[in-house]
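Protein chains: 2
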Amino acid sequence: MSTIADVARLAGVSTASVSRYLSGQRVREHEAIEKACTELRYRPNPTARSLRSGRTRSIGVVVPDITNPYYAAVVKGIQDVTLDGPYNVFLSGTEESAERQHDVLLELTGRADGLILIPATEQSEPSRELRPSRIPVVLVDREAEDVHAFDSVVVDNTGGARLAAEHLLELGHERIAMIGGPLNTTVGRERHAGFVDTLAGAGIEMDRSHDEEGGFNVEGGYQAALRLLGSRPAPTAIFSTNNLMTIGLLRAVNELGIRTPDEVSVMGFDDLDLGALLTPPLTCIDRPTEAQGALAMRLLLRRLEEPDDAPPRKATRIVMDVSLNVRGSTGPVPAPAAKRRR
Amino acid sequence: MSTIADVARLAGVSTASVSRYLSGQRVREHEAIEKACTELRYRPNPTARSLRSGRTRSIGVVVPDITNPYYAAVVKGIQDVTLDGPYNVFLSGTEESAERQHDVLLELTGRADGLILIPATEQSEPSRELRPSRIPVVLVDREAEDVHAFDSVVVDNTGGARLAAEHLLELGHERIAMIGGPLNTTVGRERHAGFVDTLAGAGIEMDRSHDEEGGFNVEGGYQAALRLLGSRPAPTAIFSTNNLMTIGLLRAVNELGIRTPDEVSVMGFDDLDLGALLTPPLTCIDRPTEAQGALAMRLLLRRLEEPDDAPPRKATRIVMDVSLNVRGSTGPVPAPAAKRRR
DNA sequence: GCGGTAACAGACAACGATTACAGTACCTCC
DNA sequence: GGAGGTACTGTAATCGTTGTCTGTTACCGC
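In order, the protein sequences belong to chains A and B. When you number the first sequence by the working numbering, it's gap-free, plus one each residue, and the end is 344. When you number the second sequence by the working numbering, it's gap-free, plus one each residue, and the end is 344.
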């Protein structure tokens, strides 16, 4: 690899002139320099630039698991925004482990100018690692304990859960179950509260045994669904509060040979990749995914482009709307027959 | 951020001693240095290290589209291997564009020690960008024109297509259609040849109108499927040669209200995320995904850890086996009735 | 012809780490 | 006591770039 010194020598000027030429300043020998650059196939060394300038021109993106289509979509949204900019993306996975997240954050704060983080768990308070380094951070999907410390992009979890509850109520369901996430996460809490409170507002108290927790993963959703579908009286509708648990739920329904929506209505928070192609197609709460990532990246860019002496700006918190996507997996309560029987 | 000089000052030693301490050499004042390091929360600046050592401790991973679950799985496999190593991962997307791939490669060759590349298209010969930089590259899934230039990890496309053809033949199908990929890609060619040749070997010539091309994307698969399902006589079985086109195919089948496998058997190359949960569950050619990524990363690590003066090693080409996963979407040819009718 | 001022030039010092080199202390052994 | 070895130390050069500082030149108006 040739260096700026090689170019300078070939063009018969100083390295300073080459540097100036590269940064677009007027330079007398610009023709000779340009010629030398192409001849030597010169590309400035990004590492040296970073050392000198103190900016790495990289951002770090930390997700729990890239194979989760939701996270992949967020990353895609981020990439769409970075596309024409100067920033490259470091991608790291935490596997939902607080310890690993700690390591990853420590590593990336040294290598990146800014971070987009989907926290693994909320106990794993990222403030400790992140505050001292002073680099800007945007949280996506989940929030940190100290909401005001970082910019964040989240969705209206409470509202989404309310939409789900209202939809099921409208269909006439009363024995309604939910598969929630851990209540020590904001997302878990909000979706739980939004759902339970809406039911309560309609005078329906959810049976304790119908209030399951599935750990936001496929297996947890599957086990929870098995318990729900085996309970008597069984729920006539089940709301799963994230995509992975919905997959577990569908697997359980499938294995038990239970018909949807004739015997039980099911719906999820988050669409599935093939949600529309399932039989019946999945009713769900839809939320923006790529748009969430894109928005997070724009927030981050705004921070990165701020001059160092700019007055500190308060953390921005963006809440994105979700919508109800009614397809075939929810239907009227299979009431009369089933009810009369007992 | 504190520097090695700060630590040295606080510990009352030279920067050289601190550096030696950090690299594990015996140092007299190691206690004072350790204390100073923790007190100042010292973390060595990776950029400075890179500049000095000439190694960035990063690798670049270039995929066409991270929202494709197959590519996401490959990335996951790569991450699993990097987990405990010193390497960080730059992730870039090419959006299947040769031009964008060109830019990305140019950018990453300057910032990474090695590259794992899933080429966007094969016309976009990556050799031109990559050869001069001398950094090791491993190709995944698709190959470059000059096979011997780079390590690669691919799957047995021909064998997979053969398995698919044999499966359909065993079920008694004769009017068999395929939705292939572009024939200017190795993958497209191999899957096409494997399928067509196997049919021919059984004395079955595929109708020209049943030999569709779907561009390896959802829309292409959908359009091709519409044409196939509308053709007369319609095929009794359709083989789609990648996951995206399979989604398009399923969408078309769904919209037209055609029953599988009663009216038409469908199968795909690559499993789908929810393939097992579809009704009927999807028969497909299964291939390793995360394992492909992990293997690629190990190949790359081997190159990266080679001393600079090592004798040049020939390119390694690894072909991974695929398997047939029979589920419900393929069945016996709906023969008698349909056949007799004409 | 001269002072003043653009408009550019090159030398050199950073940025933060590593490492070759050249000490310097201390110990051992004759 | 001195030679020679061991075990460490600090100084300074280096990686490739950029920005500051200090020229140097050309051209302007008077």
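We put the beta carbon where it would ideally sit given N, CA and C, even for glycine. Since this is a predicted model, take the numbers as computed values, not measurements.
- A Cβ of chain B is located within less than 7 angstroms of the beta carbon of I68 (chain A).
- DSSP assignment within the segment 21 to 47 of chain B yields the following whole alpha helix (DSSP H) runs of 4 residues or more, N-terminal first: 32 to 42.
- Contact residues of the segment 212 to 224 of chain B toward chain A are absent (C-beta to C-beta distance below 9 angstroms).
- Looking at B:V29, B:V64, B:P46 and B:E176, the one whose alpha-carbon comes closest to that of L110 (chain B) is B:V64.
- DSSP, reduced to helix, strand and coil, places R191 (chain B) within a helical segment of the structure shown.
- Note that the C-beta distance between D115 (chain B) and G95 (chain B) is not below 7 angstroms.
- Between the segment 242 to 260 of chain A and the segment 217 to 227 of chain B, the count of C-beta pairs closer than 8 angstroms stays below three; the two stretches do not touch.
- Assigned with DSSP and collapsed to three states, N90 (chain B) falls in strand.
- Annotation: Cβ neighbours of V77 (chain A) in chain B (cutoff 7 angstroms, chain order): I68.
- Taking C-beta atoms as the reference points, S242 (chain A) and T332 (chain A) fail to come closer than 7 angstroms.
- Annotation: L119 (chain B) has no Cβ neighbours in chain A at a cutoff of 8 angstroms; minimum Cβ distance is about 15 angstroms.
- Only residues of its own chain outside the window of five on either side were considered, and among them M208 have a CB closer than 7 angstroms to the CB of V198 (chain A), listed in chain order.
- In the DSSP annotation of this structure, N245 (chain A) is not part of any beta strand (DSSP E); the continuous alpha helix (DSSP H) holding it starts and ends at N245 to L258.
- Distances from the alpha-carbon of I260 (chain B) to those of B:D273, B:D275, B:Y73 and B:P282 put B:P282 closest.
- Secondary structure remark: continuous alpha helix (DSSP H) runs of at least 4 residues inside the segment 273 to 343 of chain A, in chain order: 292 to 307 and 337 to 342.
- In this structure, A167 (chain B) and T188 (chain B) do not form a Cβ contact; the two beta carbons are roughly 19 angstroms apart against a cut-off of 8 angstroms.
- At a beta-carbon threshold of 8 angstroms, none of the residues of chain A lie near I240 (chain B); the nearest stands roughly 15 angstroms away.
- For a Cβ distance threshold of 8 angstroms, residue set Q81, N90 and V91 of chain B lies close to S94 (chain A), ordered along the chain.
- Identification of chain A residues near G259 (chain B) by a Cβ-Cβ cut-off of 9 angstroms yields none; the smallest Cβ-Cβ distance measures about 12 angstroms.
- Neighbours of N256 (chain A) in chain B, taken as residues whose beta carbon is under 9 angstroms from its own, are A278, L279, T281 and P283 in chain order.
- Contact annotation: Y44 (chain B) and I35 (chain B) have beta-carbon atoms that are not nearer than 7 angstroms.
- With respect to chain B, the C-beta atom of A227 (chain A) has no partner C-beta closer than 7 angstroms.
- With contacts defined as CB atoms closer than 7 angstroms, T84 (chain B) and H175 (chain B) fail to qualify as a contacting pair.
- With respect to chain B, the C-beta atom of A50 (chain A) has a partner C-beta closer than 7 angstroms.
- For the pair D288 (chain A) and P48 (chain A), the Cα-to-Cα distance works out to about 41 angstroms.
- Under the 7 angstroms criterion on CB atoms, D275 (chain A) is classed as interfacial with respect to chain B.
- Taking 7 angstroms as the cut-off, the beta carbon of G222 (chain A) is found no closer than this to the beta carbon of V76 (chain A).
- Neighbours of N47 (chain B) across chain A, judged by C-beta separation under 9 angstroms: L53 and G112.
- In this structure, the beta-carbon distance from E31 (chain A) to V15 (chain A) falls below 7 angstroms.
- Take Q81 (chain B), set aside five residues on each side of it, and the residues of its chain with a beta-carbon closer than 7 angstroms to its own are V91, in chain order.
- The beta carbons of D272 (chain A) and N244 (chain A) sit closer together than 7 angstroms.
- R210 (chain A) does not reach chain B, its nearest Cβ partner there being about 29 angstroms away, counting only Cβ pairs nearer than 7 angstroms.
- Taken atom to atom, the span from the alpha-carbon of L280 (chain B) to that of P336 (chain A) is near 23 angstroms.
- Under the DSSP definition of a beta bridge, S242 (chain B) partners with B:I181 and B:G270.
- Contact of A74 (chain A) with chain B is assigned, a C-beta pair being separated by under 7 angstroms.
- Considering only B:S60, B:V142, B:T17 and B:I181, the residue with the shortest C-alpha distance to C39 (chain B) is B:T17.
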